[in-house]
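Read the structure below first, then the notes.
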Amino acid sequence: MSRRKKFIFISVILALGLLAVCVWRYAPFSNANHVAPAKSLPAVSVAVATSGSISRTIDLDGTVEAAKIARMSSPAEGPVLNCQTIVREGDHVNKGQMIVCIGRDKTINAQLAAAQSDLIREKAELDRVTELVKNGAIPGDQLEIARARHENVKAQLARIEESQKDYSITAPWGGVVSRVMVLEGDYVAPRTPLIEIFDPASLVARFAVPEADSQSVEIGKAVSVKLDAYPEKNFQARIVRIYPKLDPGTRTRIIEAVLTEKVAMMPGLFARIKMAVQTHENTVLVPAGAVIVTAAGDRLVYVIGEGKAAARKVSTGIEAGSIIEILSGVKPGEQIVVAGNEKLKDGMAVKMMEKQGEPNIKTDAVKPATAPGEGTSK
253 MSRRKKFIFI SVILALGLLA VCVWRYAPFS NANHVAPAKS LPAVSVAVAT SGSISRTIDL
313 DGTVEAAKIA RMSSPAEGPV LNCQTIVREG DHVNKGQMIV CIGRDKTINA QLAAAQSDLI
373 REKAELDRVT ELVKNGAIPG DQLEIARARH ENVKAQLARI EESQKDYSIT APWGGVVSRV
433 MVLEGDYVAP RTPLIEIFDP ASLVARFAVP EADSQSVEIG KAVSVKLDAY PEKNFQARIV
493 RIYPKLDPGT RTRIIEAVLT EKVAMMPGLF ARIKMAVQTH ENTVLVPAGA VIVTAAGDRL
553 VYVIGEGKAA ARKVSTGIEA GSIIEILSGV KPGEQIVVAG NEKLKDGMAV KMMEKQGEPN
613 IKTDAVKPAT APGEGTSK
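For what it's worth, our numbering labels the leading residue of the sequence shown as 253, then goes sequentially.
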């Protein structure tokens, strides 16, 4: 064999060997006994559907106001005088205490003195005529005339005494002066506003309820009140008054509530009210994260059974915070997927993580509500 042929033969042998090595190195490994590793199952967290009560609540803004207010005006004409002590805003006054004096009462005082003298004279004349009639000295009709004149003078004296009071304005009941609208020396005409007082025991939280919920309120209903003056505390209150008609401008109904505990308040304080307007008892409750809304608008939950997730259509009711009511589709005690349900499909095998237990349901200052937060009916 020539040298050239020998060289070609060796090159071919080397090439074939190199090709065999490459095929052995990079070809897919084939083994009849080899089993591919199993695909990992999706992990989900579950909770147990429970039975309980849930409430839909609304948040409203209100104001602390006095239900008992007296706005006193001047019944007479004249200058405002100093009545021993000058009444100012914030002063506490007692029932019958003189708070404003109006001058120019000399005329009425003179009329009063004259009427008192006339009454004394007519009383003496009535006694004289009575005695004469009793003795038969004069006819009996004279007694009726004397009695009529006496009663007329008596009535005139009463009118003058009432008019005299027009110059001295007194407090109709004990309270606190909230506004003084005149100063000493001001000349006032009849019906001029003078003083405003309020009864601190009559302070209420007054708020407006929208028309849609206006029929859900009743006397004695419990509400929660939070005052900006006490930002760290919620106060319990009860409804004591419901106005009989809606405000035509705002389409709301005015409600008044009284705090059940004593707290220092003043008119004008801002109040935040939380009120339950709808409560469902013995209903199925699940965490809100368990409900998925599809593109078609259907609501689904995944129920775990035999290691698989089964999709169920549900209808929901009140949603309060992190809890939602299930009207149909789920029963109490069933295990519901609450996390990891975004990519699940009906019948898919799953791996359950730790169970989260029952939904955390608690009251939030509104009784008998048992779920916190502002709820919406769906």
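Heads up, the beta-carbon is just placed ideally off N, CA and C, and yes, glycines get one too.
For Ser325, DSSP records a beta bridge to Pro445. Under the three-state reduction of DSSP, Gln368 is assigned to helix.
Rounded to whole angstroms, the gap between the alpha carbons of Ala548 and Pro584 is 27 Å. The beta carbons of Gln408 and Ala367 sit about 5 Å from each other, so the pair counts as a contact at 8 Å.
DSSP, reduced to helix, strand and coil, places Thr546 outside both helices and strands of the structure shown, so it counts as coil. For Pro391, DSSP records no beta bridge to any residue. Its Cα nearest to that of Glu403, the residue Glu377 stands out among Ile449, Glu377, Val385 and Val432. Excluding the 5 residues flanking it on each side, Gly348 has same chain C-beta neighbours closer than 8 Å at Thr422 and Ala423, in chain order. The beta-carbon distance between Gly426 and Phe450, rounded to whole angstroms, is 11 Å. This is too long to meet the 8 Å contact definition.
Between Ala540 and Gly573, the CB-CB gap stays under 9 Å. Lys473 has its alpha-carbon roughly 21 Å from the corresponding atom of Gly304. Its chain contains Phe450, Asp451, Ser454, Leu455 and Pro519 as the residues whose beta carbon lies nearer than 7 Å to that of Ala318, once the 5 sequence neighbours on both sides are disregarded; these appear in chain order. Leaving aside the five residues that flank Val345 on each side, the residues in its chain whose CB is nearer than 8 Å to its CB run, in chain order, Val339, Ile351, Ala423, Gly426, Gly427, Val428, Val429 and Ile449. Here Ile471 carries a coil assignment [DSSP, helix/strand/coil]. Under DSSP, Asp311 takes part in a beta bridge, and its partners are Lys526. In this structure, DSSP gives Lys583 a state outside helix and strand, which the three-state scheme calls coil. Under the three-state reduction of DSSP, Lys597 is assigned to coil, being neither helix nor strand. Residue pairing for Thr535: DSSP places it in a beta bridge opposite Gly304. When the Cα atoms are used, Pro294 and Ile570 turn out to be separated by approximately 31 Å. Under DSSP, Asp499 forms a beta bridge with Thr504. Proximity of the region 493-505 to the region 515-530 falls short of the contact definition, fewer than three beta-carbon pairs being nearer than 8 Å. Here Phe487 is buried, its C-beta having at least 16 other C-beta atoms within 10 Å. Glu586 sits buried, since 16 or more C-beta atoms from the chains shown fall within 10 Å of its C-beta.
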